[in-house]
Amino acid sequence: MYARLACRAARRRGSPLVDALLRVSSPCHTEPPQIAADLPGSLRLSAQRWYSSDRDGDADREENDVVIIGGGPGGYAAAIRAAQVGLKVTCVERRGRLGGTCFNVGCIPSKSLLESSRKFYEARHSLAKHGVRVSGAEVDLPAMMALKNDAIESLTSGVERMFQQHRVNYVKGAGRLTGTHEVTVRLLDEHGQFGQEKKILSAKNIIIATGSDIRQVPEVPIDEKKIVSSTGAMSLEKVPGKMLVVGGGVIGLEMGSCGAGWARM
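Residue numbers (the numbering used here): 141 to 405.
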């Protein structure tokens, strides 16, 4: 393993980090080499990360012009544009589907549910004014969710096709910075779970487009059953009898409107 590491270092001579790596014990040693004690702290840390990443299950290594962590609107747009100007690009997304919050658990699913709820409300309250009488209209929440999921799949797969058209390398997994120009990705397996396999991506430029996450309230822990996040609200299995929406942002208003449209609440 250390012989392989030495060969990699030999190809990158001239950088302070490579100089540090070459000032270690012989690569044929079976024990991990010792980093030179007189190196500055930042170089020692980088060298240690180099060895640590190399021992990460003999992960594959790929060279890129740009690596983007995050496949949401910021990430996938940057990836496509970089590829259009001729750069070799890899985009890493831990969700396993492109599009970020907006496509998967935000704008798009909420709009789909809102539209379905509007049609139900019209069937119950508005169509009669136009001479259309509908009896026995009910909310079929699983059918609403299925339609929502179809919309999500259509859009996320569309972005993936754009990646293929522009030759953007798409890696499904969680990326973390492990060096100045290095991202280590813990890959998702075929079941969408994080496995032990890893991939190391080297890049001249790294773009962090990880987006945001749900704000937790310590006194009211989210269990996605009785107390749900906006993400959980997009996957309800039945119409709740009562619902309190905390937050008056876009998704909060839309979910409140959906609940009002369902009429049972």
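For each residue, glycine too, the CB sits at the ideal point set by N, CA and C.
Closest by C-alpha distance to residue i, when choosing among the options
{"i": "K382", "options": "G388, V308 and A400", "result": "A400"}
{"i": "V274", "options": "G298, A263, T230 and A283", "result": "A263"}
{"i": "T324", "options": "K228, H306, I346 and H331", "result": "I346"}
{"i": "L227", "options": "F303, A218 and D205", "result": "D205"}
{"i": "K378", "options": "A283, I208 and L254", "result": "A283"}
{"i": "V311", "options": "Q305, T318 and R326", "result": "R326"}
{"i": "V207", "options": "E322, G298 and V279", "result": "E322"}
{"i": "Q305", "options": "G396, S397, C398 and Y216", "result": "Y216"}
{"i": "V299", "options": "I367, H270 and A218", "result": "A218"}
{"i": "V229", "options": "S342, G388 and E337", "result": "S342"}
{"i": "P406", "options": "G388, D363, C398 and G214", "result": "This structure gives no information on residue 406, because the portion of the chain shown stretches from 141 to 405."}
Exposure of residue i, with buried meaning 16 or more beta-carbon neighbours within 10 Å
{"i": "I354", "result": "exposed"}
{"i": "K344", "result": "exposed"}
{"i": "F260", "result": "buried"}
{"i": "A349", "result": "buried"}
{"i": "G276", "result": "exposed"}
{"i": "F334", "result": "exposed"}
{"i": "A222", "result": "buried"}
{"i": "P249", "result": "buried"}
{"i": "I292", "result": "buried"}
{"i": "V360", "result": "exposed"}
{"i": "G332", "result": "exposed"}
{"i": "G315", "result": "buried"}
{"i": "E394", "result": "buried"}
{"i": "L161", "result": "Only weak support exists for where L161 lies, its pLDDT of 40 falling under 50; the value from the coordinates is given anyway. L161 comes out buried."}
{"i": "V390", "result": "exposed"}
Cβ pair residue i, residue j closer than 8 angstroms
{"i": "G236", "j": "G212", "result": "no"}
{"i": "K339", "j": "E233", "result": "no"}
{"i": "G231", "j": "V357", "result": "Correcting the residue type first, residue 231 is Cys in the shown sequence and not Gly. Not a contact, by the Cβ cut-off of 8 angstroms."}
{"i": "K288", "j": "S257", "result": "no"}
{"i": "L254", "j": "L376", "result": "no"}
{"i": "I209", "j": "M302", "result": "no"}
{"i": "G313", "j": "L328", "result": "yes"}
{"i": "L238", "j": "T296", "result": "yes"}
{"i": "V385", "j": "G396", "result": "yes"}
{"i": "W402", "j": "V272", "result": "no"}
Beta bridge counterpart(s) of residue i as assigned by DSSP
{"i": "I220", "result": "Paired residues: none, contrary to the question."}
{"i": "V207", "result": "T230 and I346"}
{"i": "R316", "result": "T324"}
{"i": "V386", "result": "Answer is none; V386 lacks a bridge partner."}
{"i": "N309", "result": "T230"}
{"i": "F334", "result": "L328"}
{"i": "V368", "result": "Looking at the DSSP assignment, V368 forms no beta bridge with any residue, so it has no partner."}
{"i": "V225", "result": "Partner(s): none; V225 has no beta bridge."}
{"i": "V360", "result": "V357"}
Beta carbon proximity, residue i to chain C, threshold 8 angstroms
{"i": "E278", "result": "Within the model displayed, chain C is absent; a lone protein chain is all it includes."}
Should the segment 368-385 be called in touch with the segment 242-249, which here means at least 3 C-beta pairs below 8 angstroms? Yes, the segment 368-385 touches the segment 242-249.
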